[in-house]
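Report on the following structure.
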Amino acid sequence: MEAVLEAVKRDRFGKNEAGRLRREGHLPSVLYGGGAGASGKPEATPIAVEPKALM
86 MEAVLEAVKR DRFGKNEAGR LRREGHLPSV LYGGGAGASG KPEATPIAVE PKALM
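Sequential numbering of the sequence shown, starting at 86, is according to the numbering used here.
Here it is in structure tokens:
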């Protein structure tokens with residue numbers, strides 16, 4: 086099964102930014118993977134998703 090999820094990369098972080106995104110109708114999220122970072126763990130990319138895209 087294949088699925089496509091449209092998301093926007095976030096530049097700002099924290100509680101205030103997450104709250105602002107939620108008020109605007111977006112879901113703050115984190116996408117893991119895409120290669121290992123400096124620590125050897127998968128890279129984490131902060132994104133924002135439309136909640137309807139997950140249903």
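The beta carbon of each residue, even a glycine, is placed where N, CA and C say it ideally should be.
Do residue i and residue j have their CB atoms nearer than 8 Å?
i, j, result
"residue 93", "residue 129", "no"
"residue 106", "residue 136", "no"
"residue 98", "residue 131", "yes"
"residue 91", "residue 138", "yes"
Sequence ranges, alpha helix (DSSP H) only - wholly within the segment 100 to 138, length at least 4: 100 to 108
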